[in-house]
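Okay, so here's the structure we're looking at.
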Amino acid sequence: MNWEVFTYGGGEFLRLVFNGVAAITGNGGYITALKMTAIIGLLWVLIEGAFKHRAMNLQWLLGVILVYNGFMVPKVDVIITDRIDPTQSSVVSNVPLGLGAVAGTASLVGDWLTRAYETVFSLPSDMQYQQNGMLFGQYLVEASTRFEITDSRLAANFSEFWQSCVFYDILLGLYDWDDLFVAPDLWAFIRANTSVSRSFAYRDAANNRLILGCRDGANNQLDTDLTNDVDRARQYYGEKLVKAPTANAAVAKFAAAMPVSYQYLTGLSVSAEEIIRQNALSNALRRGLSQFASSAGAPAAAQDFALARAEQERRTTYAALGEMAGRTLPILRNLFEAFIYAVFPIAFLLAMLPSVAKVALTYLKSLVWIQLWAPLYAVLHFAMSLYSQNPASSALLLPDGSSALSLANYTALGQVMSDAALIAGYLSLSIPMISYLVVNQGGAMMASLASRVAQSYEAPVGKASDEASTGNISLGNTSIGNAGWWQQNQSPSWRAGTSTMAHPTTGAMYTTTPEGRYVDVPQSNLPFSANIGDAVKSSVHTQATESLQAAQTQVADYANLVSANYSNMERFTSQSATETGVNLDWNRAEMAAFRREFGKTQRLADEFGKNRGYSASQAAEMLGLASLAAQNPKLLDLVSPVSLRGQLDLKGISEAQIRQDWQDALRFVQDTQYGKHWQAAIDAGHTAAAGVHQRTGDSLAEELSGGLQEQISHRHATIATLQEAAAWQEARSRVEEQGFAFSADVAMQVRDHMIGSEKGVFARPGSLDPTWSERDVDALFARAAAGDAMAMRVISHYAEEYGRREGLELAGVQNTPTKDAVFQKNEAYMGEVYNKETEPGGIRDRAVGFREAARHAAEHAGVPADGQVRRGFADIQKEAEEDRAAHAQMVDQGERRIRTDGAALQSDTEARTDPENQTLLADSIKNGATQTLPSKKQLSQLKDKFLGKDE
């Protein structure tokens, strides 16, 4: 009889183990050991019967006979089937039936569960755990991102090609970095777009050095060499990454599994040759960039690139450790399985003793435990394959929304696969524990497992928190290259509390003191300070012009608001006088105040505009602007006759007349206090309109209330804008009349402004730093000092930017508050007043004292106290309620009597009246009531006659 044992990569080891077990159990010495063990068991039973007065344990004796003759004497053949590496499958004969049957049954159950899980998971056959092991697809994709050109001669030729052709193609503008990064077929793009006129050094197979044109060499020699190298790389990486019976089988399996893995994980349909070529060229181009930076005299760029590459390799290394953990545990599973089979002879010896039941149960549990690993690995394998799809697809997305394996994303794809392997390796550590708790029903072990997973975060987080809180951080302490010959010293020197350091490339000397930091550039003390001064002056002129235009626009908007609100106030006053569209239910005091204040404003506006040919709204606009400008004499010069002509729509009036009227308006508002009356009218109108809108929903009241509120806010913004414009005009005047004495101090301020600013259009192609560093700025200053026109233009640009921001301070003009600053100040002042309410001796405490003083004065004058007033009010309210209830009862009785009597009269009337005349009778009654009762207008006239009109 044959029994089949399934394994996943451990076939060879199991064959040796089963052969060893067969040899041991068939040896005469082992049979003798069994007999001695049986005798020991018999003595055990006899001793227990004699000294513990127990009955003879005949069950043990029958068990020994059955176990020996049923599980040890019969021999079977064990067929070892390796699912991952079929070459390790074999057949072992003369294995005891007990081991063969138990191992075969347990292995059959575990293998069926594994295949069943992977069948329902619907993974491609090349990516299934039972076919190729844990995360085989991810392993291939991640390894593909590290493919290299295998021929050293071809690698050297491509290095020359990158430096002589591709990098200069980008500098010449034939294409840019973005085109190169997103090209789905890097080699096809380069062959079609590289320069025709440039050339590169090429070494052929005979070691002859040739000079080839870039495009011609790429489409001929390099293309042929690359095609041959791709075939060689497929053979090399196939044998390296895939296990198979032969080298050709490994290469074939590699070529078939690689596209399937990319298709399932990323959604890309690419061949194995395309994957190898794209990744190998991407790595070669990256290495060529590093070599080009070093050879071009850019050690800083080469160092930055080397650091970035080292960081990438560190990340890959850590991910590989996680992947190694994921691959080591399956090997441990095979070892544990072999150990369990190997101890069968020992377990069978122990079964000869009276504790046979415990021994057999423990051995069966261990077999079930080890067979549960494979299904759990299949579940973990499927989960990581599934959750790797979205990150892998996202990693291959290009800016235009398409997906392709390109120079821009192939490293990201490798990182995604590395992360998946890292997580899988970490989670695989829990599989033995999960399997064991299933066998032993260990709920406590599951809690312990979760606790151990959490503990993996506690140690690093606790260490980092301790360093951050205590400040005891030690990082990057490097001491290297301290040369001491030829009088070279690269270390900064410290003297008398100051530090001095020389820049290694520009020679700039940095001196740091407690008062600040100073820099001295060789050859000159910033000799282009005059150019910086011109740039700042230009920015001051520009800012003055822009601020004046903004102020004029703000004034025009404010004038339009004044005109619109003046017209709405006139309409609102007229509407309230005729009571058209407005309910009578409003506050008479508020309306009286509004009419009084607006009436004064109207009379003043009419008085000013009557003799000058202005309409009421034009006069109100001019007086409103004059009252606004009169608050700050510096703002008077910003309002010109030309602007007034356009804002007030003054046609047919000369500029001289407008200028004279403007001066008259300024004197008029000061003599008549027009601004005070206009502000009082605004406040009263806003209160009255808001009240009317709240009570009646009147649209005109709503429009007026909103317009006045907008004018109040716009007034503050206009004042702030005018003050800012006046400040910039003064700064421009100082620049033109007095001039500036710019020196290196101003240049240093421009330098400090540049550090940390965005490079914008001045950033070099391929630069990884979007902002100016201190080293970049000093190098730029040194180039400008040497006469570099481009460097001077860059500095002038940032000098103008600095002038726009700090021009007022440089000109000695106090920086005026902006509109936002005005509102922030107001909120701050209001907040201070509010906070003082709760402070000891504040508004609230003083209010309590005032109330106490008022109460004592009221008692002295005989005024009833609050309690007496409330009690009196309660009594009056009670009496009123009683009278109301009595009158309500009388009304109810009268209504019932009217309904009773009216019903009888109605019935009698309907009986005596012709139905055709009932309608005529109703119309007659209605007409009589209309002629007899007064109308709403007549009632209003009677009210005004007897009660008087509202003032």
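Residues in the sequence shown are numbered consecutively from -11, following the numbering used here.
All residues carry an ideal CB built from backbone N, CA and C; glycine is no exception.
Item, Value
"Bridge-paired residues (DSSP) for Ser187", "Gly201"
"Backbone secondary structure at Phe177 - three-state DSSP", "helix"
"Proximity of Phe6 and Val83 at Cβ, strictly below 7 Å", "yes"
"Assigned exposure category for Asn571 - 16 Cβ within 10 Å defines buried", "Residue placement at Asn571 is poorly supported in this model, since its pLDDT is 43, which falls under 50; the coordinates still yield a value, given next. Exposed, by the Cβ-count rule."
"Span of the beta strand (DSSP E), counted from its first residue to its last, around Ile1015", "Any answer about residue 1015 is impossible in this case: the structure gives the chain only from -11 up to 939."
"Proximity below 7 Å, CB of Ala672 to CB of Ser693", "no"
"The region 166 to 181 touching the region 205 to 216, judged by at least three CB pairs closer than 8 Å", "yes"
"For Thr69, the nearest candidate out of Val(-7), Gln151 and Glu840 (CA to CA)", "Val(-7)"
"Residue from Ser761, Gln737, Leu30 and Phe242 with nearest C-alpha to Trp48", "Leu30"
"Contacts around Met(-11), its chain only, beta-carbon distance under 6 Å, and the 5 residues preceding and following it disregarded", "Val64"
"Whether Asp213 touches Leu142 by CB criterion (7 Å)", "yes"
"Beta carbon of Val258 nearer than 7 Å to that of Phe242", "no"
"Given Asn57 as reference, the closest of Glu262, Ile19 and Phe656 once Cα atoms are compared", "Ile19"
"Same chain, Cβ closer than 6 Å to Ile783, five either side skipped, listed in chain order", "Ala772"
"Straight-line Cα distance separating Lys228 from Leu273", "24 Å"
"Spatial distance of Ser78 from Val129 (CA atoms)", "32 Å"
"Helix, strand or coil at Asp508 according to DSSP, with G and I counted as helix", "strand"
"Separation of Ile263 from Ser183, as counted between CA atoms", "26 Å"
"Beta-carbon proximity list for Gly744, same chain, < 7 Å, skipping 5 on both sides", "Thr759 and Trp760"
"Start and end residues, alpha helix (DSSP H) containing Val987", "Examination of residue 987 is not possible in this model, given that the chain is present from -11 through 939 alone."
"Boundaries (first-last residue) of the alpha helix (DSSP H) holding Trp650", "Glu643 to Thr660"
"Reduced DSSP secondary structure (H/G/I, E/B, other) of Thr215", "helix"
"Which of helix, strand or coil DSSP assigns to Phe750", "helix"
"Touching by the beta-carbon criterion (3+ pairs, under 8 Å), the region 166 to 176 and the region 189 to 197", "no"
"Under 7 Å between C-beta atoms of Leu87 and Phe332", "yes"
"Of the listed residues Glu503, Asp508, Thr486 and Gly612, nearest to Asp545 (C-alpha basis)", "Gly612"
"is_contact[Asn145, chain D] using C-beta, thresh 7 Å", "Of the chains in the structure shown, none is chain D; there is only one protein chain."
"Where Trp760 falls: helix, strand or coil (DSSP)", "coil"
"DSSP three-state assignment for Val52, whether helix, strand or coil", "helix"
"Test item: CB-CB of Glu0 and Gln76 under 7 Å", "yes"
"Whole-angstrom distance between Ala260 and Val738, CA atom to CA atom", "56 Å"
"Unbroken beta strand (DSSP E) run spanning Phe(-6), endpoints", "Asn(-10) to Thr(-5)"
"Endpoints, alpha helix (DSSP H) assigned at Val129", "Phe124 to Ser132"
"Distance CB(His674)-CB(Leu696) smaller than 7 Å", "yes"
"Close Cβ partners of Arg3 (< 7 Å) along its chain, the five nearest in sequence each way excluded", "Ile68, Ser78 and Val80"
"With 16 other Cβ atoms within 10 Å as the buried cut-off, status of Ser140", "exposed"
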